[in-house]
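One structure below.
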Amino acid sequence: MEKIQLNIDGTLYETNSSRTFAMRKPHVPSNINNVTAPIPGTCLSVEVKVGQKVKCGDILVLFNAMKMFNRVVAPVDGTVKEINIAAGQVFKKRHIFLVLE
Amino acid sequence: MSKEKELELQKRKEVVQLGGGQDAIDKQHKSGKLTARERIDALLDKGSFHEIDLFIKHSAREFGMEKKDMPGDGVVVGTGKIGGKVVCIYAQDFTVAGGSLGLMHARKITKVMDLSMQLRVPIIGINDSGGARVQEGVNALAGYGEIFYRNTQASGVIPQISVILGPCAGGAVYSPALTDFIFTVDQVSKMFITGPEVIKTVLGEEITMEELGGARVHAEVTGCANFFAKSEQDCFKQIQTLLSLIPHNNTEKAGSKAVKEPKKIDISGIVPEDPTKPYDVREVIKAITDESEFFEVQEGWAGNIVVGFGRMNGETVGFIANQPLVLAGVLDVDSSDKCARFIRYCDAFNIPMITLVDLPGYLPGIDQEHAGVIRHGAKILYSYSEASVPKITLILRKAYGGGYIAMNSRHLNADFVYAWPNAEIAVMGPEGAANIIFRKEITEAADQNAMRKQKIAEYREKFANPYVAASMGYVDAVVSPAETREYLIHALEVASKKVVATPNKKHGIPPF
């Protein structure tokens, strides 16, 4: 494994990396206004339109995944700014369905 | 007895022992694998294998299965010896219905598992199976369930060894996961819960069986495998070595060996004076064990901590050591898991432990925090505190902060804590500590850098040594490297009959 310098509490240590350390995922800051897919699936329907006002808990998107019928609800009150999903579309995990504001 | 009857027995045996037939055997060989019987032969002492349940017939009756003949129902079970000591063993036969598990197949396995519990001997399971026999429906699931329950009941009573010499997928892989040690072979072992086809269908992601759950993946990424071998023969040698080192049940000691001194190694020349420079802690282990031998466990994963077995004065000891060569020897999620499970294994089987300490702390990082380093790190504290086997600690160099506490400090009821003269036992390294303690002096100084350097030197002079901890009795003795083996052997001897009073409880709730 490659040689690295590791900073622990202000002291620099000469050492080697490990495979798991090298493979660690970079942090992606979360944004509550991004409504994302928790698992991959196929969208059945989009229940809102751009510009529509929604309340926390309102159903936004319905989709099929893991042989089950799933729903995505609004995490906060807001207005639908952007929609990135349509009925029939296949999506991956963490796909951003909509952006609220 | 009529010759006829004896001939009939011979014939019946030959038919069943051929498993799925010569063609299937050839296919098995072509794919780089040995057959079930060849594996048992290679692993066990020559001629020591006695088979049972050879003539079991499967109980499947749906889908025309009653017309199908499955010799031995796809698994070979029995008793034998390894290194002269009794073991129970089962080996799934991939040539028969793909080694798939049906009810009677499972019953053969549970029978030999029950036997191993009663006989108080290790049980070795060679896995090579396509999984549940779908035609047997719930009966196949029942089979697995009965195996898992027994794995759990046997856990900590007799050694349970799983050898993955083929596919071991879906529910089936939970039996090895419940056992003590999993042995894998490059290109042969395949372990996963959901396979590549399902992943492709559901997620649209493409991956090969080898990349998903091959031996290397489990030895280096998941930590599910404890041992990795390049060939089946190498794997069997590893199993034989392990069995020569560990007790064969929880009331016996491991076999002793005649005491041989370690090789002539200059032990004081291994650890660099500069605490920021790395070295391979296994060199230190080899400088103190009998014959300088050390059998490492889970070598490929969480390399920042080293665990394994060696002998001290003829007896098996479990070694745990921070490894400055990898990630400066910090504790993190994976190394905590690796260490904690090994401690519990040693404790369950009455194997004394020697802990070698040299770590600067825990690995910082968002990924570590979000992966729950809090929860995982707590496992080490729990396991060390709970362990009632002789626990000897030797601080080689750095022991800072929480890492100092976690690595079997006196406070976690270690029996003896020793430190080398260059040990630094402190709340953190001088650079970090000086910045906090002397922040005022540094920020108010005319030359901040010079003041910082001065304060770091002051802190180092006063605290980066073993004598402050020794003055409080947190370190029992400061020991020179050359005296190490003698001190450790003495400590192990005097602690050998120790008894710890644990409060009366069914069991604790470790941070799983």
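Same order as they appear, the protein sequences are chains D and C. In terms of the numbering used here, the first sequence opens at residue 433 and continues consecutively. In terms of the numbering used here, the second sequence opens at residue -10 and continues consecutively. Where a beta carbon is used, it is the ideal one built from N, C-alpha and C, also for glycine. Given the structure is predicted, the values throughout are model-derived calculations rather than measurements.
- Separation of C:V5 and C:A86 (C-alpha to C-alpha, rounded to the nearest whole angstrom) is 13 Å.
- In this structure, DSSP gives D:I528 an extended state, which the three-state scheme calls strand.
- Chain D places a beta carbon closer than 8 Å to that of C:L316, counting this residue as a contact.
- DSSP places C:K0 inside the alpha helix (DSSP H), whose first and last residues are -8 to 6.
- Taking 9 Å as the Cβ-Cβ cut-off, the segment 439 to 456 of chain D approaches chain C at N439, I440, D441, G442, T443, L444, Y445, E446, T447, N448, S449, S450, R451, T452, F453, M455, R456, given in chain order.
- Inter-residue distance for C:E375 and C:D404 is about 13 Å (C-alpha atoms, whole angstroms).
- Between C:N397 and C:Y373 the beta-carbon gap is near 5 Å, inside 8 Å, which marks them as a contact.
- Apart from the 5 residues on each side of it in sequence, C:Y371 sits with its Cβ closer than 8 Å to the Cβ of A329, G497, P499, P500 in its chain, given in chain order.
- Taking every protein chain shown into account, the CB of C:V488 has fewer than 16 other CB atoms within 10 angstroms, so this residue is exposed.
- By the neighbour-count criterion, in which a residue is buried when 16 or more other Cβ atoms sit within 10 angstroms of its Cβ, C:M93 is buried.
- Under the 8 Å criterion on CB atoms, C:N293 is classed as interfacial with respect to chain D.
- One alpha carbon belongs to C:N238, the other to C:A49, and they sit about 36 Å apart.
- For a Cβ distance threshold of 7 Å, nothing in chain D lies close to C:E450: the least Cβ distance comes to about 16 Å.
- In its chain, beyond the 5 residues on either side, V174, D175 have a beta carbon closer than 8 Å to the beta carbon of C:K219.
- Secondary structure at D:T447: strand, using DSSP grouped into helix, strand and coil.
- Uninterrupted beta strand (DSSP E) stretches at least 3 residues long and entirely within the segment 373 to 435 of chain C occur at 380 to 389, 405 to 408, 413 to 415, given in chain order.
- Under the 10 Å beta carbon count, C:V406 is surrounded by 16 or more other beta carbons and is classified as buried.
- Pairing C:V260 with C:R386 gives a Cβ-Cβ distance under 8 Å.
- Boundaries of the alpha helix (DSSP H) harbouring C:N438: 437 to 452, taken from the DSSP string.
- Rounded to whole angstroms, the gap between the alpha carbons of C:T382 and C:T183 is 42 Å.
- Listed along chain D, the residues sitting closer than 7 Å to C:P313 by beta-carbon distance are T447.
- Close partners of C:D15 in chain D (Cβ separation under 7 Å) are lacking, with about 37 Å as the shortest Cβ gap.
- C:L481 is positioned such that its CB atom lies closer than 8 Å to that of C:V306.
- At a Cβ-Cβ threshold of 8 Å, D:T447 and C:L352 do not count as neighbours.
- One alpha carbon belongs to D:A519, the other to D:I464, and they sit about 23 Å apart.
- When only Cα atoms are considered, C:E40 and C:A95 end up about 16 Å apart.
- For the pair of segments examined, the segment 223 to 236 of chain C was found not to touch the segment 196 to 205 of chain C: the number of CB pairs separated by less than 8 Å stays below three.
- By alpha-carbon distance to C:V162, the top candidate from C:L192, C:K189, C:G114, C:E186 is C:G114.
- Within chain D, the C-beta atoms nearer than 7 Å to that of C:D323 come from T452, in chain order.
- For the segment 410 to 424 of chain C, the beta-carbon criterion of a distance under 7 Å to any beta-carbon of chain D is satisfied by M417, G418, E420, G421, N424.
- Judged by beta-carbon spacing, D:I517 lies beyond the 8 Å limit of D:M498, meaning their Cβ atoms are not closer than that value.
- DSSP, read as helix, strand or coil, puts D:S477 in strand.
- In summary, the residues of the segment 455 to 472 of chain D whose CB is separated from some CB of chain C by less than 8 Å are M455, R456, K457, H459, P472, in the order they occur in the chain.
- By the criterion of at least three beta-carbon pairs nearer than 8 Å, the segment 410 to 423 of chain C is in contact with the segment 441 to 449 of chain C.
- A distance below 8 Å separates the beta carbons of C:S89 and C:G63.
- Taken in chain order, the whole beta strand (DSSP E) runs of length 3 or more contained in the segment 94 to 150 of chain C are 112 to 116.
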